[in-house]
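Step one of this worksheet: look at the structure below.
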Amino acid sequence: MAVPALRQPKKVVREKPKIFLDDVQNVILTLKENKSLVISSDAYHGIIRGRDMYRCVFCCKDMELDIKLKESHKNSEKHKKVMENYPHEEDFGENLIRKHQNDTYYCSLCNVVVLTPFLKRHIMTEAHEQELDKAIARVAAYQPSE
Numbered sequence: 001m002a003v004p005a006l007r008q009p010k011k012v013v014r015e016k017p018k019i020f021l022d023d024v025q026n027v028i029l030t031l032k033e034n035k036s037l038v039i040s041s042d043a044y045h046g047i048i049r050g051r052d053m054y055r056c057v058f059c060c061k062d063m064e065l066d067i068k069l070k071e072s073h074k075n076s077e078k079h080k081k082v083m084e085n086y087p088h089e090e091d092f093g094e095n096l097i098r099k100h101q102n103d104t105y106y107c108s109l110c111n112v113v114v115l116t117p118f119l120k121r122h123i124m125t126e127a128h129e130q131e132l133d134k135a136i137a138r139v140a141a142y143q144p145s146e
């Protein structure tokens, strides 16, 4: 009686997930009431990171998860020109809200797009208030030492 040949076990080839370490760059914003906030540069510029891409919500542009490409976009003249059309709404003060489209707003603190009917609710959420507290607390790290 012949012995059947043993099969090699199937090899599961798993790709290692790509790790993209972003050095978080911050932007210091000085508001009219002489109050300052520090938020991430990406949030200020409307760059949202998805699972496998970056998206500029103001330019409606998708980008690969490439830090150099993202920084290049933020520094481009086209992006800067588009950003001029989306100032922070003065009515919302330190909440850093920008009108995005007819039915949406963009929260620079939380880096999210919010539908108009839910904007006031968003501003009152604990998550938004925590982001505001963080932005205020980060200012101390940027104070000149005396």
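For the sequence shown, the residue numbers in the UniProt record's numbering are 1 to 146.
We put the CB at the ideal spot given by N, CA and C, even for glycine.
None of these values were measured; they are calculated from a predicted model.
- prompt: Across which residues does DSSP place I67 in a beta bridge pair?
  reply: Locating residue 67 in the sequence shown gives position 67, where the first residue counts as 1. Note: I67 sits in no beta bridge, so no partner.
Candidates E77, H88, K32 and G50, of which the one nearest Y44 by Cα: By one-based count along the sequence shown, residue 44 stands at place 44. Of the candidates E77, H88, K32 and G50, the one whose C-alpha sits nearest the C-alpha of Y44 is H88.
- prompt: Between S76 and I123, what straight-line distance do the alpha-carbon atoms span, to the nearest angstrom?
  reply: Stepping through the sequence shown from its first residue, residue 76 is reached at position 76. Stepping through the sequence shown from its first residue, residue 123 is reached at position 123. Whole-angstrom Cα-Cα distance: 31 Å.
message: Let's see if you can read the secondary structure: which residues bound the alpha helix (DSSP H) around N41?
response: Locating residue 41 in the sequence shown gives position 41, where the first residue counts as 1. Inspection of the sequence shows that residue 41 is occupied by Ser rather than by Asn. Annotation for S41: the continuous alpha helix (DSSP H) segment containing it runs S41 to H45.
message: I'd like the ranges of any alpha helix (DSSP H) spanning at least 4 consecutive residues and lying wholly in the region 104-144.
response: Counting only runs of 4+ residues, the alpha helix (DSSP H) found wholly inside the region 104-144 occupies 119-123 and 126-141, in chain order.
- prompt: Can you check whether the CB of L109 is closer than 8 Å to the CB of I39?
  reply: Against the sequence shown, residue 39 aligns to sequence position 39. Against the sequence shown, residue 109 aligns to sequence position 109. Between I39 and L109, the C-beta spacing is below 8 Å.
query: Where N34 and N26 are concerned, what is the direct C-alpha to C-alpha distance, given to the nearest angstrom?
result: Here residue 34 refers to the residue found at position 34 of the sequence shown. Here residue 26 refers to the residue found at position 26 of the sequence shown. N34 and N26 have their C-alpha atoms some 19 Å from each other.
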